[in-house]
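Here is the structure we will look at.
This is how it looks when you write it as structure tokens:
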């Protein structure tokens, strides 16, 4: 959701569609070189200019202080340890002897610079809400110690900054000139706008010398092109191959398929502040109209899990068994529609044109809703147009996903469902409305969860909020996303992470018998 | 049978049939032609358009495509053309036979300079075997520069031979940079480049001015005399034949009607068709009297017919003519042969040409009596007073800025008047400004200076003329094809002017019918579209439209020059009748003096936009006072077999953009003197008409 | 202009009569391909008009169980990702595509002819102005401009039609103008002027009819290019919104299944190709009849 | 009309057109539903801008000036090679175009080669053997070429070559190999048009009298056709090739998307969808100007191909 909402959030909470691929062009002969093509163009200056035209994700050139474990917990990385000295103060101990690509050693100054200059100053006000930091709130305690002063109690802070956008860079790096200096296992070598980013092994990597000598990240936004690239041998490995091709890929023995549930979840988001979707019985009716299982098994070719809630179950404080469920029950649905304020007018349903399978899902929903006598008009639009509509609240439904590229997933609740969340804030301030914010107790629960240090408390608070949200049917959950990786069978050593962007390349190897 | 092919025979055609497949069925363009050409002989192949003369010629060199030779044989230099291989054909074309085509503007390749085109032809002749594309494309290393340079030099000689002035400069010129005469000369050069034994010239002079034609024919004669090259001259113009041909072959509807020595044919034609053809030539008929004509029209080439094709139009025709084989009878002592049943019947008695001709309207027409005689009548319809028309060539600012602002004097200070009921003929070489003058009168152009008066009142261009003035002048244009709207029926075309003056439907209908009748078109043709009409018919329609609103003057811009002799004769008669009945005045523009001599009351001779001489037709033709007039008259091919043309004008007139000082004609004038360059002669009044020459006097 | 129009109509009627006469018909069928074109277009028109009647299924009714079925008697062209009958969708699409093509072409035709006639006949500064306008329009690659216009206006068939219409009229204007200019100099027009025939009358009686032939030809071929253009824009993501059965959209959607479900992309692909082919062939045929002395159409670009 | 005057007027009109083109390109901004300032700003900020922000933005970008003034400012900048900067990055539009243009031109050139390679022989052969099966075949082939949606062709090509035969890359740019499939896709469509033209123009020329003159010299048919006829037949073809550049750029948009070539086409499409107006304006303007320029050049070369017009004077 947020993904479709903000260019930057597109990064933060990018709906998780991305992929890897190896490129035959150039260095197939080199057994230790791999090519990685990404569904989101890794050179898209309109998004990544702050990283000199290179996606901070995937490429592993620059790294954040904190990483994430497979079960979405913060994990020491450039910072070895962190403690909250009081409600609003976090103190981070930096790893010592971490060299930048330019040979300098990582120190507190670099961290301060990165936060104060690159993030808080350049990114401007809305990151404050995300990180709960404001300019001047990051201070150096000593060479290897940095203190963060959050605007309000924010236990989720470590997890939140375990994010590729919070990667640490030294002041020396002139990013606008495309000079990227990081601490990562790979050094940036070449950027071809619209085509690829090429990185090479950084021998002095603090985590030990990575195996691949060279990685090329290729743009392959179109799923079919992506799959073709793999089949033609131009790439060794891709994320989310075209669903239509999965079965045939599974049959091939020179291709290996792996899949992993991601942090993303796709739902139909209902605008609760606009007639007639402000009517809870209509919203419930819509929920009763859809069979998530059918959707997953047919259109999605079995990729992903039928969902009961708006947030992926890989997030630790999500437990869908606690949520009210809506089975497909057309009669019930029709009754609800009759009882609702719905007068048969056409409801607008936004679909992001860039969303894989978006059109199909939209059409399935359209006919599903049609079954219960609700008439919807699909508007498959480019991001920009969608923004126009959502900013003005001029829509009833939107097919969208929300997910997190960091272990700190709290903001999934906050940004989407809290009245002051980024989705709702503008409209609330302008017209006292919003989009998906029920306000009242939901806001309270979210705030509680947000500030709770004790996992149990947080879990209960968020569950309560989700329960209310699902009870009020703010969304029609569709599925929890999974991403598939299809790779040349000769390639081994890729560890899949719930956050796909946290892909670990260091152990990639190619077994001798490459049958291409 | 036809002439035996002796060993001196260069070309012999036996019973040639060439056919074209069309949607309407096969067209028998050539239907059993047999003829021969001996070495060193000049043979004229004569016939109206569609008589198959060109197809015959093309068949000889194997260019009949898309037509196909279905029967008969052609032997050229002892090679059977009809079943020759491409290689043999190429060899023939390269050494033995060459062709000169009709329209010089189209027969030269626009994108190569003439030198190249001639050189190429020489090269083919020198090494007919190896023709490598890349070499001819001048792609080094294939095309060696020096070699081509050599051929180019020889090309220059040739150009000199055929009479292209300063060939060294012209060799690099592109066709469009040459005058019509020069182009045709270049064409001839290409033909002669291979030093052929036979030159086939297909209407080589038809598109040229009389003067140029005369020069070119002279060239042919010389060449034939010097090198003994045989020439097959295809033409519709018996005058040309009379000029240079030893023998004549007369074609009609794809069949040979008559062959024989030129004198014999001209003086004692045996075949009715030949007679008729000769008789309808204006120069054969005294002025004022009606032209004999051949009624009917050439048979449909698609229809397969038996017997003599001319039979339907022939007044001697008998049952025998209409079906069965027509013998071709050889006349004694090499006087040729006639393909006619009747021929023996009137072997010797050649009826006096002129009246009593077959099919001739035997009544000497009303035209004669009522036709305006000497035009000393008052009331000029049109008066031109010091009328000039200049075109600025510098169309753009830059050129003006560069000061290269030269103007073209199309018409220069012309005084002229046209009186009611008279026929004023305007003659001159192409580009002398005839048509511009006409446009000035009709109003399509407006004079740069001077005034045009119609019925005494000064008038401007079409836009500013009132309805009466417009209706007072009718126009008939030269090109039958473009003078009618292809998408309007005859009826609508004629109807249009009537509608424009607001006549009601029934009245218009009657008028149209009347007009059709006047110009000799039948009722049922009213609904036909132009493409369904013959050239003659189209011109009739054009005339009908011109006279629809009873003009007092009709401007006729080369009305008959696109037509065959027979058709032309009939059209001229129509014009005569109309003039007689409607008391029309004609401005008759033509380059064909023989026609002019026949129709004109007065003649105005134009040169470089200026009037050289104006006077009564008979006086001008009998006693020309201006050297230019004289030159023009001498250039007319006379029908007297032996009569050869006097010394004709050399090369083309100077460019109208920078006319010579003094007398514009002096540069080509045989009697030019210094003072001609110094002073521009006055128009001198003569006892009849006037002349613009220092030496003009009444004899 | 109204007068102008009905003479155009009149001219067309005359043409029609002319076409019926054996000679022209012969001219038309002289080239076998022309006949083929006629047949294709005829079939399409029928499909467009009676499509909904013929179509075995509702083009939008889904059947997820039977998705991606290969062609069978039940589904002559198989079913798509949502189990919809491809054949039915194509039939409905015919109406849509042809409708768009005709509408767009009509706008271009009227606009272009008016401008061309004005420019050619009035001449002078007006001519200059209009022709520069034409040049400007032609300076933009049609699809590119259309793409921008439609893209900015937002994806919808209406906007696509609009965009295609505004980028396509110039070639008509040029055609009409040049023909008017050349015809103007023909002797029969001069004759008419000398007869005092009014300017307006000359324009509609002599100038227009002589360009009708080429116009018809150009328009026919244009129907094809418009269809291609629409498809192209749909491919880029403008144009029809789902579930509208628009050919271009179907083709680009089917692309993802080219290997497993070849019919998905190739059925609409072939349909589009045949349609455009039909119009081109027909155009050629008509040219043989209406415009014997022709030049090839200068642009494939829309 | 003299040569200089021709050149002068030709340049003059081209200039006029270019100005017109620039007006249109600039005007595109005002096609947007709603207030450009607000839209631009919301694109830049990524959120609904406040009234104050909009006002500030207007003032800052001179959006309060009358539109003609805004246009002139823009035009002046453009003349200085400054097309503004992309909304979403600090990259100057000129840089983006400078990067993309070569990629597109490269493609255009390759496609043009493909076109000529196909169309000239095909056109000549089918003209020479008019009415024969070969002729009908090549006519039909040409028509199929015109009629085929080029993105469909692209799919099929990808299916056949990289996926089935394993030759040529699926997508991308940089190497010659990457150029092949796009060039074919683009070239065939155009070849179709040009073939038809070559054919008809050839047919016309073959009927000309001077072809017979050439034959009557005893020249071999090959020389007659390829020297005398073809040279003349190509004259009109050249002009059309110029016009075809338009068609070519049209196709380039689609082809570049399919084969993921970072050229003007992809740049434009992305920009349009992102409402990245400076880029949209820049690219449209540049494409149009390129087109105008090419046609100017073509027109002039044409005048050298055909001697009849070489020395000035409208086409003979």
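Residue numbers (the numbering used here), protein chains in the order written: chain A, 1 to 516; chain B, 1 to 699; chain C, 1 to 302; chain D, 1 to 316.
Backbone N, C-alpha and C define an ideal beta-carbon position, used for all residues, glycine too.
Since the model is a prediction, treat every value here as computed from it, not as a measurement.
Alpha carbon to alpha carbon, how far is residue j from residue i? Give it in angstroms, no decimals.
i: residue 234 of chain B; j: residue 227 of chain B; result: 20 Å
i: residue 497 of chain A; j: residue 231 of chain C; result: 41 Å
i: residue 391 of chain B; j: residue 172 of chain C; result: 33 Å
i: residue 111 of chain B; j: residue 120 of chain B; result: 14 Å
i: residue 322 of chain B; j: residue 495 of chain B; result: 41 Å
i: residue 255 of chain B; j: residue 268 of chain B; result: 20 Å
i: residue 183 of chain B; j: residue 204 of chain B; result: 11 Å
i: residue 113 of chain D; j: residue 80 of chain B; result: 47 Å
i: residue 414 of chain A; j: residue 89 of chain A; result: 21 Å
i: residue 139 of chain C; j: residue 189 of chain D; result: 20 Å
Closer than 8 Å, CB to CB, is residue i near chain D or not?
i: residue 118 of chain A; result: no
i: residue 273 of chain C; result: yes
i: residue 41 of chain C; result: no
Strictly below 9 Å CB to CB, what residues from chain D border residue i?
i: residue 154 of chain B; result: Those within 9 Å of residue 154 of chain B in chain D number zero; the least Cβ separation is about 14 Å.
Against residue i, what residues of chain C qualify as contacts under a CB-to-CB distance less than 9 Å, listed in chain order?
i: residue 444 of chain B; result: 190, 193 and 194
i: residue 210 of chain D; result: The premise fails here: residue 210 of chain D is roughly 19 Å from chain C at the closest Cβ pair, so nothing lies under 9 Å.
i: residue 136 of chain D; result: 31, 32 and 33
Are the C-beta of residue i and some C-beta of chain C separated by less than 8 Å?
i: residue 298 of chain A; result: yes
i: residue 245 of chain A; result: yes
i: residue 487 of chain B; result: yes
i: residue 496 of chain B; result: yes
Between which two residues does the beta strand (DSSP E) holding residue i run?
i: residue 370 of chain A; result: Looking at the DSSP string, residue 370 of chain A is not in any beta strand (DSSP E); the run it does join, the alpha helix (DSSP H), is 358–371.
i: residue 673 of chain B; result: Where residue 673 of chain B is concerned, there is no enclosing beta strand (DSSP E), given that its DSSP letter is neither H nor E.
i: residue 92 of chain A; result: 89–94
Is the Cβ of residue i closer than 8 Å to any Cβ of chain A?
i: residue 241 of chain C; result: yes
i: residue 170 of chain D; result: yes
Using the beta-carbon of each residue, which ones in chain B are nearer than 7 Å to residue i?
i: residue 216 of chain D; result: 61, 63, 93, 98 and 99
What in chain C is Cβ-close to residue i, meaning under 8 Å?
i: residue 545 of chain B; result: 191 and 195
i: residue 255 of chain A; result: The contacting residues do not exist; residue 255 of chain A stays about 14 Å from chain C at best.
i: residue 364 of chain A; result: 62, 64 and 82
Taking the beta carbon of residue i as the centre, do at least 16 other beta carbons fall within 10 Å, making it buried, or is it exposed?
i: residue 637 of chain B; result: buried
i: residue 125 of chain C; result: exposed
i: residue 200 of chain C; result: exposed
Counting only C-beta atoms, is residue i closer than 8 Å to chain B at any point?
i: residue 59 of chain C; result: no
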